[in-house]
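Everything in the sequence shown is counted per the numbering used here, starting at 10 for the first residue and increasing by one. C-beta: ideal position from N, C-alpha, C; glycine also. Working notes, structure below.
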Amino acid sequence: MTHRIDLHTHSTASDGTLTPAELVRAAAAAGLDVVAITDHDTTDGWGPALRALPPGLRLVRGAELSCRWDGDQPPVPLHLLAYLFDPAHPELVAELTRVRAARLARGERMVALLRADGIDVDWPQILALAGGGTVGRPHIAQALIRAGLVATTSEAFGPEWLGERYRLPKDDIDVFRAVRLIRAAGGVAVFAHPRASRRGRIVPDELIAELAEAGLVGLEADHEDHSPAERAHVRGLAAELGLLVTGSSDFHGSHKTVQLGAFTTGVEAYERIVAASSGVTAVASG
Ligand code: AMP
Ligand code: FE
Ligand code: FE
Ligand code: ZN
Numbered sequence: 010m011t012h013r014i015d016l017h018t019h020s021t022a023s024d025g026t027l028t029p030a031e032l033v034r035a036a037a038a039a040g041l042d043v044v045a046i047t048d049h050d051t052t053d054g055w056g057p058a059l060r061a062l063p064p065g066l067r068l069v070r071g072a073e074l075s076c077r078w079d080g081d082q083p084p085v086p087l088h089l090l091a092y093l094f095d096p097a098h099p100e101l102v103a104e105l106t107r108v109r110a111a112r113l114a115r116g117e118r119m120v121a122l123l124r125a126d127g128i129d130v131d132w133p134q135i136l137a138l139a140g141g142g143t144v145g146r147p148h149i150a151q152a153l154i155r156a157g158l159v160a161t162t163s164e165a166f167g168p169e170w171l172g173e174r175y176r177l178p179k180d181d182i183d184v185f186r187a188v189r190l191i192r193a194a195g196g197v198a199v200f201a202h203p204r205a206s207r208r209g210r211i212v213p214d215e216l217i218a219e220l221a222e223a224g225l226v227g228l229e230a231d232h233e234d235h236s237p238a239e240r241a242h243v244r245g246l247a248a249e250l251g252l253l254v255t256g257s258s259d260f261h262g263s264h265k266t267v268q269l270g271a272f273t274t275g276v277e278a279y280e281r282i283v284a285a286s287s288g289v290t291a292v293a294s295g
């Protein structure tokens, strides 16, 4: 049997455009055997994804945690994929709640900066666009598109807009604390797109070695934001540190052009992730 495994996707519970139910149906239609739902800083999509899970599809419940590394100033933002953790772990729940609240405050401040420059974007409308999901810059990007100021999401992420000029930092989770909390909640931590220099500053390999010692289990190597050289570097580093490697689409529906299953994870890495989890949250089968 061939296994098509995509371990990084977003729904309307954060900044994707398919509902969790639509996401799992689309994953089955794309021929995936395993899909992970990894919305930013929330597990709100887990229930609806589970209830809609098509026969034959396996669902890995996860999240993508907004983290920061304080080893550089200003702190470097980075993303940890957390899989199969207890969604009721009190300290982890508290951190996710805090980060989502900080995202709201930051989004509103970014909109205020835009408005101060005479750019007609409306915070209540952006909140409505986010539909109760974790708010992020892609939602503000949609408002810029609607206002006719940019044509595409990637244009909205240019330096004159949300990529730099109007970008504000988020109040993210200390990355070592995040690794500890994911483990304490019985989950498995994988560093998302660790070398994606085209997205901004990246962290040094020494930090990744320290995170591996703290309990990080894997690195995402195959991702559209990594060049071939960056993918090769990540693979080499993972081999050196004894970490597994994943590949994933980081699908966001129509907020990005990448399709489900565009990059996939090998079955051995997937099985290592499942084996490393505590079993509090099991892989669900449709
Ligand atoms: P935020 O979490 O609010 O800082 O926004 C970051 C999110 O924006 C990422 O999770 C991606 O979904 C999205 N994003 C980042 N860069 C781009 C880009 N160049 N084009 C489209 N979406 C992007
Ligand atoms: Fe996103
Ligand atoms: Fe990410
Ligand atoms: Zn993502």
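In this structure, how does DSSP classify residue i when only helix, strand and coil are distinguished?
i      : result
Ala271 : coil
His242 : helix
Tyr175 : coil
Thr106 : helix
Thr162 : helix
Ile182 : strand
Gly227 : strand
Val276 : helix
His148 : helix
Ser236 : coil
Ala111 : helix
Gly127 : coil
Val188 : helix
Leu101 : helix
Ala156 : coil
How many Å lie between residue i and residue j at the Cα?
i      : j      : result
Arg204 : Val212 : 8 Å
Phe200 : Glu215 : 14 Å
Phe185 : Ala223 : 7 Å
Asp81  : Ala110 : 24 Å
Glu117 : Thr21  : 19 Å
Ser206 : Ala218 : 18 Å
Leu153 : Pro64  : 39 Å
Asp48  : Gly142 : 9 Å
Ile135 : Glu249 : 44 Å
Ser75  : His235 : 19 Å
Ser287 : Asp131 : 44 Å
Asp183 : Val85  : 10 Å
Leu252 : Gly295 : 29 Å
Asp180 : Leu62  : 34 Å
Val283 : Gly127 : 50 Å
Pro147 : Thr162 : 7 Å
Ala221 : Val276 : 21 Å
Looking at the C-beta of residue i, does it have a partner C-beta in chain C at a distance below 8 Å?
i      : result
Ala114 : Reference to chain C is not applicable here, since this structure consists of a single protein chain.
Going by the beta-carbon positions, is the gap between residue i and residue j smaller than 8 Å?
i      : j      : result
Val43  : Val69  : yes
Ala194 : Asp50  : no
Leu90  : Glu73  : yes
Ala125 : Leu269 : no
Ala187 : Ala165 : no
Glu233 : Ala271 : yes
Glu229 : His12  : no
Val243 : Tyr92  : no
Ala58  : Leu27  : no
Ser23  : Gly209 : no
His202 : His88  : yes
Ala278 : Val254 : yes
Pro178 : Pro83  : yes
Val292 : Arg60  : no
Is it buried or exposed, residue i, if we count other Cβ atoms within 10 angstroms and call 16 or more buried?
i      : result
Arg77  : buried
Pro99  : exposed
Ser257 : buried
Glu280 : exposed
Glu169 : exposed
Ala247 : buried
Leu122 : exposed
Asp79  : exposed
Ala139 : buried
Ala97  : exposed
Gly40  : exposed
Arg296 : The requested residue 296 is not part of the displayed model; the chain covers only 10 to 295.
Thr274 : buried
Pro29  : buried
Ala241 : exposed
Gly245 : exposed
Thr106 : exposed
Arg192 : buried
Gly157 : exposed
Cβ-heavy atom distance between residue i and ligand 5 below 7 Å?
i      : result
Asp259 : Ligand 5 is absent from the structure shown, which contains only ligand 1, ligand 2, ligand 3 and ligand 4.
**OP:** Any chance you could list the beta strand (DSSP E) runs of at least 3 consecutive residues sitting entirely within the region 13 to 79, in chain order?
**Re:** Counting only runs of 3 or more, we get 43 to 49, 67 to 78.
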